[in-house]
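Here the structure comes first, spelled out in structure tokens, and everything after it is commentary.
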Amino acid sequence: MSKHISLSVACPHCRKSLMDEEVKLQGFPSIKLNIRLPGNRGTIHLCSVYECFDHQADIKIDEDIVVDFTCPHCNKELLIKEECQICSAPMVSFVLNTGGRVSICSRKGCSNHYVAFVEISTELSNFYSNYGE
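Taking the numbering used here, the leading residue of the sequence shown gets 45, the next gets one more, and so forth.
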């Protein structure tokens with residue numbers, strides 16, 4: 045049986061949690077974000093389980109469109125100055141509550157994402173303490 049790793053993340057600007065206990069995906073709290081598309085704004089809930097791409101949005105998002113993500117607390121943009129290695133869209137970054145960060149591609153349909161650690165020994169140790177077997 046495989047173990048699901050549900051990542052708990054916060055805004056890199058205001059450090060408030062982005063986790064939504066009320067909207068669950070795959071049985072875990074979702075990541076709630078504001079989104080902007082050309083001519084439309086809404087809210088999206090992303091699955092917090094690593095390698096899961098499920099989401100719920102209150103507006104239609106067409107395949108291949110680049111989405112602008114903002115924090116629902118401070119409303120600051122979450123796009124970073126890093127291009128996706130697969131499709132060249134901007135990446136979106138969140139802070140992991142255990143230390144380090146999670147980055148995802150802003151293009152709907154692109155599966156690029158990764159976890160990165162700055163202080164590798166401390167943050168990796170915290171990560172395994174929280175998510176390891």
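Where a beta carbon is used, it is the ideal one built from N, C-alpha and C, also for glycine.
Kindly indicate which residue of the options has the alpha-carbon position closest to the one of residue i.
i	options	result
Ile79	His89, Pro73, Val67	His89
Thr142	Val159, Cys128, Ile148	Val159
Gly86	Val93, Tyr94, Leu77, Ser92	Leu77
Ser132	Arg145, Thr114, Asn119, Asn156	Asn156
Pro116	Phe138, Leu69, Ile124	Phe138
Ser52	Leu140, Cys128, Cys154, Glu65	Leu140
Leu123	Cys154, Gln129, Ile148	Ile148
Phe113	Ile130, Met135, Leu69	Met135
Glu126	Cys118, Ile109, Ser150	Ser150
Cys91	Lys60, Ile109, Asp64	Asp64
Ile109	Lys60, Leu81, Cys58	Leu81
Ile130	Cys118, Cys154, Leu69	Cys154
DSSP state of residue i, grouped into three classes?
i	result
Gln100	strand
Met45	Here Met45 scores only 36 on pLDDT, less than 50, and its place in the model should not be relied on; the value that follows carries that caveat. Correct three-state label for Met45: coil.
Cys149	strand
Pro134	strand
Ser50	strand
Leu62	coil
His57	coil
Using the C-alpha atoms, what's the distance from residue j back to residue i?
i	j	result
Ile105	Leu62	20 angstroms
Val67	Ser74	6 angstroms
Lys152	Pro56	22 angstroms
Ile103	Gly144	31 angstroms
Glu95	Ile49	9 angstroms
Phe72	Asp98	12 angstroms
Gly83	Glu107	16 angstroms
Met45	Gln100	Because Met45 carries a pLDDT of 36, less than 50, the predicted location of this residue cannot be relied on, and no value is offered for it.
Lys120	Val111	14 angstroms
I'd like to confirm something about residue i: is its beta-carbon nearer than 7 angstroms to some heavy atom of the ligand ZN, or not?
i	result
Tyr94	The ligand ZN is not among the ligands present in this structure, which contains no ligands whatsoever.
### Task
Go through the region 68-127 residue by residue and report every complete run of the beta strand (DSSP E) that reaches 3 residues or more, in order.
Those beta strand (DSSP E) runs which fall completely within the region 68-127 and span 3+ residues are 72-81, 84-90, 99-101, 112-114, 123-127.
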